[in-house]
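One structure is given here, and the rest of the page talks about it.
Residue numbers (this note's numbering): 4 to 353.
Below you can see the structure in the form of structure tokens.
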């Protein structure tokens with residue numbers, strides 16, 4: 004089990020009267036790829052900047068290897084940052100861009116040459132030493148920014164939406180590359196994004212944030228399959244969120260029918276949010292089906308069809324490999340494992 008490298012304890016951040024971070028607590032482990040995920044304005048970038056020393060919290064403590072580092076400036080922390088704008092030096096070639104930090108620290112020339120060569124090999128840009136920054140694509144520039152950051156051997160690399168400026172295909176490629184680089188260098192990555200696919204693809208741990216609060220911390224699998232509340236369920240992937248009533252443990256009523264589920268610990272007849280993923284709705288003949296509806300729209304997504312199905316005043320989102328047509332009357336069924344029950348709240352404070 005990896006040790007905790009960074010601990011945020013009761014961190015509050017206020018700008019005037021606006022609460023940006025509401026007493027958050029977070030442990031980040033050594034060699035972990037941790038992603039801060041949430042909508043714009045949720046506090047994720049502020050959290051990253053506090054870890055990096057670019058901002059001081061209004062209250063609370065930041066610990067690095069159990070030492071309190073509040074007030075320690077960024078250049079004295081064992082942390083480097085890669086921003087969305089890579090801030091490469093256009094008047095320097097690739098070699099000098101990557102070597103810049105080592106020159107500042109007066110590293111011997113032979114050591115610089117060896118480490119620059121190793122860093123460029125790591126990001127698959129060997130042989131690019133003499134090229135100009137302006138000759139590189141966006142993805143190549145991003146890799147140079149990462150090489151320049153990791154050549155100083157930080158214990159933590161902070162990445163603030165570094166793929167945001169790339170096109171979709173390149174962004175997907177770089178997601179895989181970034182994870183591979185992190186595993187090879189073995190340092191802690193703290194990554195900020197609002198893109199749930201990025202978070203699910205790369206992370207060991209995802210921290211879902213909203214309105215300055217941490218909503219849930221878990222592995223990608225946990226976050227997707229067992230969201231803590233309706234906000235998390237809706238933000239991570241597509242979800243049908245329906246009003247329901249928990250009749251008793253393991254029994255819930257929604258959409259006009261009573262279903263077996265796997266959830267317990269709710270009050271008898273408690274109003275709840277019921278979450279059903281679109282891929283967990285199973286097509287069946289409409290006769291006798293627990294949910295019957297008429298197809299309102301169909302979009303082909305390459306691997307599956309995404310259909311919107313109107314049923315008793317609620318529009319269900321369905322993903323299926325079966326070809327459907329607008330106007331079809333269909334049935335949908337659910338197993339207990341397909342149904343996720345949540346307390347009737349849209350978000351939770353930590």
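Note that beta-carbon positions come from the ideal geometry of N, C-alpha and C, so glycine has one too.
So, with DSSP's three-state summary, where would you put residue i?
{"i": "residue 295", "result": "strand"}
{"i": "residue 86", "result": "coil"}
{"i": "residue 78", "result": "helix"}
{"i": "residue 247", "result": "strand"}
{"i": "residue 204", "result": "helix"}
{"i": "residue 310", "result": "strand"}
{"i": "residue 131", "result": "coil"}
{"i": "residue 103", "result": "helix"}
{"i": "residue 235", "result": "helix"}
{"i": "residue 126", "result": "coil"}
{"i": "residue 342", "result": "coil"}
{"i": "residue 220", "result": "strand"}
{"i": "residue 73", "result": "coil"}
{"i": "residue 121", "result": "helix"}
What do you reckon, are the CB atoms on residue i and residue j nearer than 8 Å?
{"i": "residue 275", "j": "residue 345", "result": "yes"}
{"i": "residue 119", "j": "residue 147", "result": "no"}
{"i": "residue 53", "j": "residue 14", "result": "yes"}
{"i": "residue 92", "j": "residue 103", "result": "yes"}
{"i": "residue 195", "j": "residue 162", "result": "yes"}
{"i": "residue 334", "j": "residue 280", "result": "no"}
{"i": "residue 262", "j": "residue 245", "result": "no"}
{"i": "residue 84", "j": "residue 46", "result": "no"}
{"i": "residue 210", "j": "residue 40", "result": "yes"}
{"i": "residue 2", "j": "residue 6", "result": "Residue numbering for the chain in the displayed model covers 4 to 353; residue 2 lies beyond these limits and cannot be assessed."}
What's the C-alpha gap between residue i and residue j?
{"i": "residue 222", "j": "residue 64", "result": "25 Å"}
{"i": "residue 36", "j": "residue 190", "result": "8 Å"}
{"i": "residue 18", "j": "residue 109", "result": "39 Å"}
{"i": "residue 350", "j": "residue 233", "result": "Interpretation of residue 350 is limited by its pLDDT of 46, a score under 50 that renders its predicted location unreliable; the figure taken from the coordinates is listed afterwards. So the alpha carbons of these two residues sit roughly 7 Å apart."}
{"i": "residue 10", "j": "residue 200", "result": "26 Å"}
{"i": "residue 319", "j": "residue 24", "result": "35 Å"}
{"i": "residue 306", "j": "residue 259", "result": "31 Å"}
{"i": "residue 78", "j": "residue 157", "result": "11 Å"}
{"i": "residue 124", "j": "residue 50", "result": "32 Å"}
{"i": "residue 34", "j": "residue 331", "result": "51 Å"}
{"i": "residue 139", "j": "residue 193", "result": "26 Å"}
{"i": "residue 128", "j": "residue 68", "result": "33 Å"}
{"i": "residue 252", "j": "residue 165", "result": "45 Å"}
{"i": "residue 226", "j": "residue 95", "result": "43 Å"}
{"i": "residue 169", "j": "residue 122", "result": "22 Å"}
Per DSSP, residue i forms a beta bridge with which residues?
{"i": "residue 64", "result": "12"}
{"i": "residue 274", "result": "248"}
{"i": "residue 357", "result": "Nothing can be reported for residue 357, as the shown portion of the chain is limited to 4 through 353."}
{"i": "residue 303", "result": "308"}
{"i": "residue 333", "result": "296"}
Inside the region 19-62 only - alpha helix (DSSP H) runs reaching at least 4 residues: 47-55
Where in the region 134-215 do unbroken runs of the beta strand (DSSP E), each at least 3 residues long, occur, reported from the N-terminal end onward? 159-163, 191-196, 208-213
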